[in-house]
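Inspection log for the structure reproduced underneath, given as structure tokens.
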Amino acid sequence: SISWMIQANALPELRQESAQFASMHSDVLQDALRRLNKAYQSFFRRVKAGDEPGFPRFKGEGRYRSMTFSHLSKQLIRTIRKRMARIVVPKIGHIAIRYHRPLPDGKIKHLTLHRKASGWYVSIVIEIIDPVEVPVKTTIGVDVGLEPFLTTSDGENVSNPRHFRESENKLGVAQRRLSRRKKGSRRYKKQREHVAKIHEHIAKQRQDFHYKTAHWLFLQGEEVAVENLKIKNMVKNHYLSKSISDAGWGRFRLILQSKAANAGLTLTQVNPKHTSQKCSGCDSIVPKSLSVRTHDCPHCGLVIDRDHNAAINIKKAAVALRGGVVVTNTPETPERDRSAEPCKTCGAAVSNKPCPLGQGN
232 SISWMIQANA
242 LPELRQESAQ
252 FASMHSDVLQ
262 DALRRLNKAY
272 QSFFRRVKAG
282 DEPGFPRFKG
292 EGRYRSMTFS
302 HLSKQLIRTI
312 RKRMARIVVP
322 KIGHIAIRYH
332 RPLPDGKIKH
342 LTLHRKASGW
352 YVSIVIEIID
362 PVEVPVKTTI
372 GVDVGLEPFL
382 TTSDGENVSN
392 PRHFRESENK
402 LGVAQRRLSR
412 RKKGSRRYKK
422 QREHVAKIHE
432 HIAKQRQDFH
442 YKTAHWLFLQ
452 GEEVAVENLK
462 IKNMVKNHYL
472 SKSISDAGWG
482 RFRLILQSKA
492 ANAGLTLTQV
502 NPKHTSQKCS
512 GCDSIVPKSL
522 SVRTHDCPHC
532 GLVIDRDHNA
542 AINIKKAAVA
552 LRGGVVVTNT
562 PETPERDRSA
572 EPCKTCGAAV
582 SNKPCPLGQG
592 N
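Going by the working numbering, the letters in the sequence shown line up with residues 232 to 592, in that order.
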């Protein structure tokens, strides 16, 4: 079969024969071949796994929206003032850029130019020294949902902004207008840009929310624990698929991973099995449907919000994976009246009725 290496070795000869190829930098041509190779490797992997394969689609000139350069020197970036700079891109020339944050010290690995609806953007990948790992003192369990967006093991909630739902009507009007335009006309292209800008605005809102929420979580503790959810299977539920996609759980998890890696913190993913059904007070299984929003344990009397209960179980699972000790009531614990005391695990009110399993009050 034709591999990436065979095609890459043929590029010098093609550049001599074609003026169009010669006008492009070799890094850009090699990156296009890497993307093609990655698409086919993913296709073969899905076929082997028995998933729906999805044969790679041809992307014409109008759908190719980025180009990547390698082997660039940091000396090619010259700062003009605090947030402005000029960068020399091979075969293109000088480009003025605006920083959104200072560049760290390190070697440039890749530089990618992206074309979006609102303009051009530059992404620079820099190789830096790994941060010193911060020892874990506090673990925060996080249960993601649709309403609220997440609940922590401390009982704090973050509401779901539903960015797509908020702009859905506006987007629908713009898409219907686009469908009435003659394809390829000037008005069609203008309306298509308008639709793309709405999509980009929604994506930026969601990304900003995810980054700020991730930053806030890691301020609460050195370790954040989440469920390793199979989101691809969850969106097969047609009643919830749009809301799950709007929440962006998968993207949020990637941002948490990035935040943890950059700061030397810890993100732990635990098995989601029984996190909502298990009682965080006595570890008994209490079955409940999605419509039941309160966890009411008939064994130990714990009454708590369903998501808060799941977040505590996620935290306990992460601590157990790390080799920590989770303190629970044992038969040797002296019995005492806890009717006026909160639960030590979560602070929720605990009833004083006896446990049917004989595990205390």
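Glycine is no exception: its CB is placed at the ideal position from the N, C-alpha and C atoms.
What three-state label does DSSP hand residue i in the structure shown?
i	result
L409	helix
H599	For residue 599 there is no data in the structure shown, the boundaries of the chain being 232 and 592.
Q508	coil
R288	coil
E248	helix
G324	strand
R294	helix
I339	strand
L242	helix
I233	coil
S257	helix
S304	coil
R317	strand
R277	helix
R329	strand
L334	coil
R553	coil
Within 10 Å of its beta-carbon, does residue i have 16 or more other beta-carbons around it, so buried, or fewer, so exposed?
i	result
F275	exposed
G293	exposed
K509	buried
L485	exposed
N468	exposed
A456	buried
E454	buried
V375	buried
G512	buried
V523	exposed
L245	exposed
N240	exposed
R437	buried
V363	exposed
W480	buried
V278	exposed
I535	buried
H394	buried
Q251	exposed
R441	Reading off the sequence shown, one finds His at residue 441, where the question assumed Arg. By the 10 Å Cβ count, H441 comes out buried.
H526	buried
G192	No information on residue 192 is available, as it lies outside the stretch 232 to 592 that the chain covers here.
T310	exposed
A478	buried
With a cut-off of 8 Å on the beta carbons, I'd call residue i and residue j a contact; round off their distance for me.
i	j	result
E458	P503	4 Å
I433	A405	With 8 Å as the limit, I433 and A405 do not qualify as a contact, their Cβ atoms being about 12 Å apart.
N544	T506	5 Å
K546	G372	3 Å
T343	G452	At roughly 34 Å, the Cβ-Cβ gap does not stay under 8 Å, so T343 and G452 are not in contact.
I339	I326	Not confirmed; about 15 Å, so no contact.
Y271	P287	6 Å
Looking at chain D, is there any beta carbon in it that lies within less than 9 Å of the beta carbon of residue i?
i	result
K313	No chain D appears in this structure, which consists of one protein chain only.
Review point. Do three or more CB pairs link the stretch 539-546 to the stretch 380-393 at distances below 8 Å?
Key: Contact between the stretch 539-546 and the stretch 380-393 is present, with at least three C-beta pairs closer than 8 Å.
Practice item. Taking only runs that begin and end inside the stretch 452-540, name each unbroken beta strand (DSSP E) of 3 or more residues, in chain order. Key: Qualifying beta strand (DSSP E) stretches, in chain order: 454-458, 497-501, 525-527 and 534-536.
Exercise for review: Could you tell me which uninterrupted beta strand (DSSP E) segments, each at least 3 residues in length, are contained entirely in the stretch 341-402, listed from first to last along the chain?
Suggested key: Those beta strand (DSSP E) runs which fall completely within the stretch 341-402 and span 3+ residues are 350-358, 370-375 and 381-383.
Practice item. Report yes or no: do three or more beta-carbon pairs, one from the stretch 398-409 and one from the stretch 357-372, lie closer than 8 Å? Key: Because the criterion of three Cβ pairs below 8 Å is not met, the stretch 398-409 and the stretch 357-372 do not touch.
Exercise for review: Pair every Cβ in the stretch 297-304 with every Cβ in the stretch 248-263, then say whether three or more of these pairs are closer than 8 Å.
Suggested key: Contact holds: three or more Cβ-Cβ distances are below 8 Å.
**Study point:** Validate contact between the stretch 302-316 and the stretch 328-343 using beta carbons, cut 8 Å, 3 pairs
**Key:** Judged by pairs of C-beta atoms under 8 Å, the stretch 302-316 touches the stretch 328-343, as three or more such pairs exist.
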